[in-house]
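Q: Using UniProt numbering, the first residue of the sequence shown is number 1, and each one after it goes up by one. Have a look at the structure that comes next, please.
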Amino acid sequence: MSEAVDRPLAGQVAIVTGAARNIGRAIAVELARQGADVVVNAQRSAAEVEETASLIRQAGAQALVHLADISNPDGTQGLIDVAVDCFGRIDILVNNAAIRRESPFDELDWRQWREVTGVILDGAYLCAHAAAPYIRRSPAGAIVNIGGMSAHGGSSGRAHVIAAKMGLVGLTRALAHDMSGDGVTVNCVVPGLIDTARGHSAQGTPAHHARHTTLLGRRGSSQEVADLVAFLCGPKARYLTGQTLHANGGAYLGG
1 MSEAVDRPLA GQVAIVTGAA RNIGRAIAVE LARQGADVVV NAQRSAAEVE ETASLIRQAG
61 AQALVHLADI SNPDGTQGLI DVAVDCFGRI DILVNNAAIR RESPFDELDW RQWREVTGVI
121 LDGAYLCAHA AAPYIRRSPA GAIVNIGGMS AHGGSSGRAH VIAAKMGLVG LTRALAHDMS
181 GDGVTVNCVV PGLIDTARGH SAQGTPAHHA RHTTLLGRRG SSQEVADLVA FLCGPKARYL
241 TGQTLHANGG AYLGG
């Protein structure tokens, strides 16, 4: 098969935030399988993000690791600058980084609110804003924001997470308008009931996970989310923009 079919993202450069494990890692590796060189970001978890980079290289692509706090404008600008200095371009941005803590609303203080919204929503804005001049130059620029199922159905103890994740839906729609003139597509993928290992930024099993079932009778995999993200970044999705796509096995219909 030709490279255009086998590796449709060949020659492109992607940035994936929150790429140390789970969905972020799966997205980074799938983009690499499809030909993109990938800048992998995490705030910490240096060993895990290096594992992601190793998997990218095994997939036949170049990988660059950059640890940065994307809720900080200087950290975000540094991430974009490193990517451009190394690869000379940015074609794809996947805003996946998130903190998913839980707290009863009456106990949710300002520091906790800002910690979560700063990474999920501010981080997506900062990354997109800093990367926009480069993505606009791409012949096939794409931004994918990773949302959250609880933002659409609600859940107790997650006001900060839900507000930030729903904010990504609004940001997606706004950027789809603002960047359409340069042919950049902007979409939001909402994973739901995905089998992942809970990291240090998450606390226990979310209540909405216990409450929902799926029509397919199973949880999804990180790879299934990654496949959808890669499709949205590829040449067969150039007429899709401003959309919110749910990858949840029919959870909204299953109970």
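No residue lacks a Cβ here, since even glycine has one placed at the ideal position from N, Cα and C. Quick caveat, the model's predicted, so the values are computed rather than measured.
(1) Residues in its own chain within less than 7 Å of Val-116 by CB, not counting five upstream and five downstream?
(2) Report the residue ranges of all alpha helix (DSSP H) runs contained in full by the stretch 51–126; include only those spanning at least 4 residues, in chain order.
(3) Excluding the 5 residues flanking Leu-245 on each side, which residues of the same chain have their C-beta closer than 6 Å to its C-beta?
(4) Taking 6 Å as the limit between beta carbons, can you name the residues of its chain near Thr-172, skipping five residues before and five after?
(5) Measure from the alpha carbon of Ala-36 to the alpha carbon of each residue in Gly-147, Arg-158, Phe-87, Tyr-252, then state which is nearest.
(6) Does the beta-carbon of Asp-195 have 16 or more other beta-carbons within 10 angstroms, so that it is buried, or is it exposed?
(7) Would you kindly work out how many angstroms separate the C-alpha atoms of Ser-45 and Ala-20, rounded to a whole number?
(8) Based on the DSSP output, what are the partners of Leu-245 in its beta bridges?
(9) What's the gap between the Cα of Gly-60 and the Cα of Val-94?
(10) Mind checking Gln-58: buried by the 16 CB within 10 Å criterion, or exposed?
(11) Using 8 Å for Cβ pairs, my map puts Gly-118 next to Met-149. What's the rounded Cβ distance?
(12) Count the other CB atoms within 10 Å of the CB of Val-5; is the residue buried (16 or more) or exposed (fewer)?
A: Reading from the atomic positions:
(1) Ile-99, Arg-101, His-160, Val-161, Ala-164
(2) 73–87, 110–117
(3) Val-189
(4) Asn-145, Val-186, Cys-188
(5) Phe-87
(6) exposed
(7) 7 Å
(8) In the DSSP output, where bridge partners are listed per residue, Leu-245 has Val-189.
(9) 20 Å
(10) exposed
(11) No, Gly-118 and Met-149 are not in contact; Cβ-Cβ is about 21 Å, not under 8 Å.
(12) exposed
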